[in-house]
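Residue numbers (the working numbering): -16 to 222.
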């Protein structure tokens, strides 16, 4: 199993990274799917996307430690959840043949005041991964606010490139943790300044939209991939 990383970034959480080496047939044979999941997968016509979809759910199953796989469903806003275990929260991500998954076991956590989605019963968390790509500087104006642009510009050029990927994955993870879509990455998502040292860091992020205002703990890291390339991963949890 090409497991690149497993870590416990916050209490009662497990995050994993898996670089796909298996054929799609392996996951089809080993991964029991619910009828709803079969229907969702059948709508994925892109081979790589379908492969990542299967691998992400296989990784998620491994991280739960459950003897039998828990079916995964999606709510009205496409946020994944376990209908058979409301104490488990999860988040999924994929990038260029690598998948990431985050599990939060609310039943074990000592913080019983974790915020929940508006009107939802499921506690929230978020993760995102991104293989470093040359186009990221061209996209920066779509997700960085002015303060964040100035923060990135205050670093040396090599660090700037890394930090753009950190901000992108941080805001994607905040977006997933919020779980209700309809967010402007520049106006509604904010990451406070932080220390970027030895290719890792922690920060505080915010989702601020209308009357909703929630702070999140962020943890992120850049790693080298086994054969070539680098990847940034970020996870977040409400404060």
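Glycine is no exception: its CB is placed at the ideal position from the N, C-alpha and C atoms.
Alpha helix (DSSP H) runs wholly inside the segment 120 to 199, at least 4 long, in chain order | 129 to 136 and 140 to 161
Closest Cα partner of residue 119 within the set 151, 57, 0 and 158 = 151
Three-state class that DSSP yields for residue 102 in the structure shown = Caution applies to residue 102, whose pLDDT of 44 falls short of 50 and renders its modelled position unreliable; the value that the coordinates give is listed next. It is coil, neither helix nor strand.
Helix, strand or coil at residue 30 according to DSSP, with G and I counted as helix = helix
Leaving out five residues before and five after residue 54 in sequence, what residues of the same chain have Cβ atoms less than 8 Å from its Cβ?
-> 16, 17, 19, 20, 65, 66 and 67
For residue 64, which three-state DSSP category applies?
-> strand
Residue(s) in a DSSP beta bridge with residue 45 | None, per the DSSP bridge assignment.
Look at residue 203 and residue 168 and say whether their C-beta atoms are less than 9 Å apart.
-> no
Can you give me the Cβ contacts of residue 134 inside the same chain, cut-off strictly under 8 Å, excluding the 5 residues immediately before and after it?
-> 146 and 176
Could you give the DSSP three-state label for residue 83: helix, strand or coil?
-> strand
Is residue 157 closer than 9 Å to residue 192 when the C-beta atoms are compared?
-> no
Within 10 angstroms of the Cβ of residue 102, are there 16 or more other Cβ atoms? Answer buried if so, exposed if not.
-> With a pLDDT of only 44 at residue 102, under the threshold of 50, the placement of this residue in the model should not be trusted, and no figure is reported.
For residue -13, which three-state DSSP category applies?
-> strand
In this structure, does DSSP put residue 16 in helix, strand or coil?
-> coil
Tell me, please, which residues DSSP counts as bridged to residue 53.
-> None, per the DSSP bridge assignment.
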